[in-house]
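Enquirer: Chain order of the listed sequences is A and B.
Note that full-length UniProt numbering has the first sequence beginning at 1, numbered continuously upward.
Note that full-length UniProt numbering has the second sequence beginning at 1, numbered continuously upward.
C-beta: ideal position from N, C-alpha, C; glycine also.
Number of protein chains: 2
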Amino acid sequence: MDEVAGAIADPVRREILVMLRERRMSAGQIADRFAISRPAVSRHLRVLRESGLVHDELAGRRRFYRLDPEPLARLMRWLAPFAPSTAGGPPDERAAAWSGRFDALETEVYRTRRERRSEPAATGERRRAAAGGEPATTHDRPATTHDREERSA
Amino acid sequence: MDEVAGAIADPVRREILVMLRERRMSAGQIADRFAISRPAVSRHLRVLRESGLVHDELAGRRRFYRLDPEPLARLMRWLAPFAPSTAGGPPDERAAAWSGRFDALETEVYRTRRERRSEPAATGERRRAAAGGEPATTHDRPATTHDREERSA
DNA sequence: TGAAAGCGTAACCAGTAGGTTACGCTTCTG
DNA sequence: CAGAAGCGTAACCTACTGGTTACGCTTTCA
Numbered sequence: 001m002d003e004v005a006g007a008i009a010d011p012v013r014r015e016i017l018v019m020l021r022e023r024r025m026s027a028g029q030i031a032d033r034f035a036i037s038r039p040a041v042s043r044h045l046r047v048l049r050e051s052g053l054v055h056d057e058l059a060g061r062r063r064f065y066r067l068d069p070e071p072l073a074r075l076m077r078w079l080a081p082f083a084p085s086t087a088g089g090p091p092d093e094r095a096a097a098w099s100g101r102f103d104a105l106e107t108e109v110y111r112t113r114r115e116r117r118s119e120p121a122a123t124g125e126r127r128r129a130a131a132g133g134e135p136a137t138t139h140d141r142p143a144t145t146h147d148r149e150e151r152s153a
Numbered sequence: 001m002d003e004v005a006g007a008i009a010d011p012v013r014r015e016i017l018v019m020l021r022e023r024r025m026s027a028g029q030i031a032d033r034f035a036i037s038r039p040a041v042s043r044h045l046r047v048l049r050e051s052g053l054v055h056d057e058l059a060g061r062r063r064f065y066r067l068d069p070e071p072l073a074r075l076m077r078w079l080a081p082f083a084p085s086t087a088g089g090p091p092d093e094r095a096a097a098w099s100g101r102f103d104a105l106e107t108e109v110y111r112t113r114r115e116r117r118s119e120p121a122a123t124g125e126r127r128r129a130a131a132g133g134e135p136a137t138t139h140d141r142p143a144t145t146h147d148r149e150e151r152s153a
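(1) Give, in chain order, every unbroken run of the alpha helix (DSSP H) that is at least 4 residues long and sits entirely within the UniProt domain "HTH arsR-type" (1-87) of chain B.
(2) Using the C-alpha atoms, what's the distance from A35(A) back to G6(B)?
(3) Since P11(A) meets chain B, which of its residues come closer than 9 Å, beta carbon to beta carbon?
(4) Got a sec? Which residues, its chain only, sit under 8 Å from H44(B) by beta carbon, not counting five neighbours each side?
(5) Could you work out which residue in A59(B), R61(B), Y65(B), R46(B) is closest to V18(B) when comparing CA atoms only?
(6) Would L45(A) pass as an interface residue toward chain B - the criterion being a Cβ-Cβ separation below 8 Å?
(7) Out of R74(B), F82(B), P39(B), point me to the one whose CA is closest to G52(B)'s CA.
(8) May I have the straight-line CA-CA distance separating A59(A) from S26(A), to the nearest angstrom?
(9) In whole angstroms, what separates the C-alpha of H55(B) from that of D2(B)?
(10) Hey, out of L79(A), R77(A), D68(A), whose CA is closest to R24(A)'s CA?
(11) Alpha carbon to alpha carbon, how far is P71(B) from V41(B)?
(12) Is there a Cβ of chain B sitting closer than 8 Å to that of L58(A), yes or no?
(13) Taking C-alpha atoms, which residue in R33(A), G28(A), R21(A) lies nearest to P81(B)?
(14) Does any residue of chain A have a CB that is nearer than 8 Å to the CB of S118(B)?
(15) Tell me which same chain residues have a C-beta within less than 7 Å of the C-beta of I8(B), skipping the five on either side of it?
(16) When you check each C-beta in the region 19-32 of chain B against every C-beta of chain A, which residues fall closer than 8 Å?
(17) Give the residues from the region 65-77 of chain A that approach chain B closer than 8 Å (Cβ to any Cβ), ordered along the chain.
(18) Are the C-beta of P39(B) and some C-beta of chain A separated by less than 8 Å?
(19) Using 8 Å as the limit for Cβ to Cβ distance, is A35(B) near chain A?
(20) For a quick check, are the C-beta atoms of M76(A) and L48(B) less than 8 Å apart?
(21) Using only the alpha-carbon positions, how far apart do A31(A) and V4(A) sit?
(22) Can you list the residues of chain A that L79(B) reaches, using a CB-CB cut of under 8 Å?
(23) In whole angstroms, give me the CA-to-CA distance for R62(A) and A83(B).
(24) Do you know how far the Cα of G28(A) is from the Cα of E50(B)?
(25) Within 10 angstroms of its Cβ, does R33(A) collect 16 or more other Cβ (buried), or is it exposed?
(26) Give the residues of chain B in contact with I16(A), contact being defined as C-beta atoms less than 9 Å apart.
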């Protein structure tokens, strides 16, 4: 539990989780989206791995990461009793804050997803070629060979 | 968000939140339940305060803390999109892990609540007079005057 | 009104977190 | 088969965390 919450506490790691929600990604693909150095990302990935939030699988010289939502589910399960009207004690002021309990979550999903689209990188500016803008320095890398999965983000 | 997750990441702070779920408590009441020093607890409380998870109100020479679940609700809202079948991308393996989504939460509530009853202290052994055992050194403190709220735990 | 209760802050310390650069290992590729 | 690609680890540094003791301030009580 400590590990899961601790993993979630870092914005880079949260962003990685969001990215992996869509599809699995290689370490390099992930690292390219952030302004920090690759070893830094590598260690973030290790934290996520050790907390069980992601699993890795080698594929040639690349290592793919995929999300495992189970630890997040555990967190949710711990969080749930804090909802008001959940086996009541003296709660009452709680009811207001929890704003609709689990409802309106579906709504929230879309809002969150839309927001994210603009800026995946979190801290700086090294980000290579993001989704939005001009082709820019897309030939930053030769792109000679297998470019199937890379470009899809 | 960082702050909330960070606050949740510490076992002492999590236990404090669980305690405050039942009723508001003074700093001293809270501190007495843990084996760590009182200033340590005081700082945990400050972390919780700054992350908005608790609010304090002075009452004479005592300071009462009460839970504010709203930040936890925000966390839930961030967590929710990780549930499978929530605005699908390529998710599918996710479905298994998320084990029943929000269902079975009600069940979980009772289990968790029962577990806690036995040992509120987390780290050590300084705990004064817990719920269970003999009257022990209950007269550790004179208990001369207003003892309304204190004994109820 | 002076002593004790109740709490927070200050100063200090060890351990951890997160970043960086340098490096080594394995796997493709030309 | 040599070199590049792709990743992780090692070593190092700074900043933050969580604990401790010492102390100061406000409120209550005898």
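Expert: From the atom records:
(1) 2-8, 11-22, 27-31, 38-50, 70-79
(2) 23 Å
(3) M1, D2
(4) D10, V12, R13, I16
(5) Y65(B)
(6) no
(7) R74(B)
(8) 9 Å
(9) 19 Å
(10) D68(A)
(11) 20 Å
(12) no
(13) R21(A)
(14) Legend: pLDDT at S118(B) = 35, less than 50; position of this residue unreliable, value from coordinates given subsequently. Output row for S118(B): interface = no.
(15) R14
(16) R21, E22, R23
(17) R66, L67, D68, P69, E70, L72, A73, L75, M76, R77
(18) no
(19) no
(20) no
(21) 21 Å
(22) L72, L75, M76, L79
(23) 28 Å
(24) 36 Å
(25) buried
(26) Within 9 Å Cβ-Cβ: nothing; I16(A) doesn't reach chain B, min ~13 Å.
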